[in-house]
Structures are given as structure tokens and as C-alpha cells.
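Mapping of the sequence shown onto the UniProt record's numbering: residues 1 to 179, in sequence order.
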Amino acid sequence: METAIERVLLTEEEIKKRIKEIAYEIKKDFPKGDIILIGVLKGSVMFVADLMRALDFNVTMDFMAVSSYGNSSETSGIVRILKDLDFDIEGKDVIIVEDIIDTGTTLKYLYEYLKARNPKTLKICCLLDKPERRKVNIEADYVGFKIPDAFVVGYGLDYAEKFRNLPYVGILKEDIYKK
Ligand code: IMP
1 METAIERVLL
11 TEEEIKKRIK
21 EIAYEIKKDF
31 PKGDIILIGV
41 LKGSVMFVAD
51 LMRALDFNVT
61 MDFMAVSSYG
71 NSSETSGIVR
81 ILKDLDFDIE
91 GKDVIIVEDI
101 IDTGTTLKYL
111 YEYLKARNPK
121 TLKICCLLDK
131 PERRKVNIEA
141 DYVGFKIPDA
151 FVVGYGLDYA
161 EKFRNLPYVG
171 ILKEDIYKK
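As C-alpha cells, this is what we get:
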């Protein structure tokens, strides 16, 4: 598994430290808590779990699943809802938690979709952001790290469902996905 990695971009320690800082920013914005974190499956699973533990107030979680890249490393631009929310978000403080913003297509769609359900506030938190790749106009309110245009895996992020369990974020060797 490790031999497929070109180099480590973010270590486990760097990620842990940054999540604490993001939790602090969220606590400043919502001092009373009572927020809903909506994780986007499956890439955000590790991030939601760690972020939730760093928030020492009332917080609930829900998940949505949308279609993404499949086995290729390029986005199709088509977003399909595979799993919707379990809870009503009307009048609630909601934060969408995403692993990475690449072209922004997925998040833009999700944002509009959830906004239509009338939450009190709707914010976006993403661990990684590749600004160079953006095709639609969307920005996160909380960003873990801005990263260069490279295909990364680990800490929840996959290539063809593999590498999600790496504790760090690493750049995948090109020959793995250009085969
Ligand atoms: P977007 O709609 O182009 O912004 O793509 C967002 C989704 O694509 C993310 O939630 C990931 O699932 C996937 N993705 C984008 N870039 C990467 C990457 O570098 N590694 C793994 N998955 C990625």
C-alpha cells in the first residue's frame, strides 16, 4: 500500500493539530453548540469522527452519499444522491463536512440541495481544498489545508476504494491511476 505513495503531504500529527484549530473556530461561531455535522460519504468519515470528538459540546451527525468519481480520478460533473439525510434540518445550524473540494461540483450541488430545506445556517467545512482545480464558484467556511493539484489518498480519501485507512494524506503515484 505504502509503495503506491509518491510522498506524504500531511502527517497524522499535522492533521490532528489542524482539526483542533478548526474545532476552535467552529466553537467560536457556535458557542452554544447544538449543531448538525453532515458528513459526505465515504471520504469524510475519518474527518467527521475526529472533528466531532474535538467539539466538546452538543453535536449530532448525519451522512449523505453522493455519486463521485467511481474508479477514475476525474470527476464526471454529474451528482446523484445515493443516500439522503435521516433527520430534518429545518431551522437547525448545519455544517457540511467534506473531505476535499476539487472542481467544487459535488459541494455546490449539495449546498443548494440542503439550503432548500431551510436550515437556520448552512456552512461548509472541508479538510482539503485544491483551489487551482475549481470549476464552479464555491468556498468553504472552514478549510483544513489548501493543497496543490495532485491526486491524494489516505485519511478517508480513496483511489478505487483503496488507501482510505492510511493515517496520513499522501500523493498517489501517477502510474497507479494513469494505468
Ligand atoms: P468535486 O466535485 O470535483 O469537487 O469532487 C469532490 C469529490 O471528488 C471528493 O469528495 C472526493 O471524493 C473526490 N476527489 C477529488 N479530488 C480527490 C483526490 O485528490 N483524491 C481522492 N478523491 C478526490
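Here a beta-carbon is modelled for each residue, glycine too, at the ideal position from N, C-alpha and C.
Using a 10 angstroms sphere on the CB of L82, the tally of other CB atoms stays under 16, which defines it as exposed. For F47, the uninterrupted alpha helix (DSSP H) segment begins and ends at 45-54.
When the Cα atoms are used, K178 and L114 turn out to be separated by approximately 35 Å. Using a cutoff of 7 Å, the CB of D141 does not count as near the ligand IMP, since none of the ligand's heavy atoms is closer than that. Relative to the ligand IMP, the beta carbon of I176 is positioned no closer than 7 Å to any heavy atom. The nearest non-hydrogen atom of the ligand IMP is less than 7 Å from the C-beta of G104. With 16 or more other CB atoms across the displayed protein chains lying within 10 angstroms of its CB, A23 is buried. Between E90 and I124, the C-beta gap is not smaller than 8 Å, which leaves the two residues out of contact. Partner residues in the beta bridge of R7, as assigned by DSSP, are I171.
When distances are taken from the beta-carbon of F151 to the heavy atoms of the ligand IMP, the shortest one is below 7 Å. Taking G156 as reference, the option from F87, T103, I15 with the minimal CA-CA separation is I15. In its chain, beyond the 5 residues on either side, I89, E90 have a beta carbon closer than 7 Å to the beta carbon of R117.
Of the other Cβ atoms in all chains shown, 16 or more fall within 10 Å of the Cβ of A140; this residue is therefore buried.
Taking C-beta atoms as the reference points, K130 and D149 count as a pair closer than 8 Å.
Within the same chain, Cβ atoms closer than 6 Å to the Cβ of F87 are found at D62, the five residues on either side in sequence being excluded.
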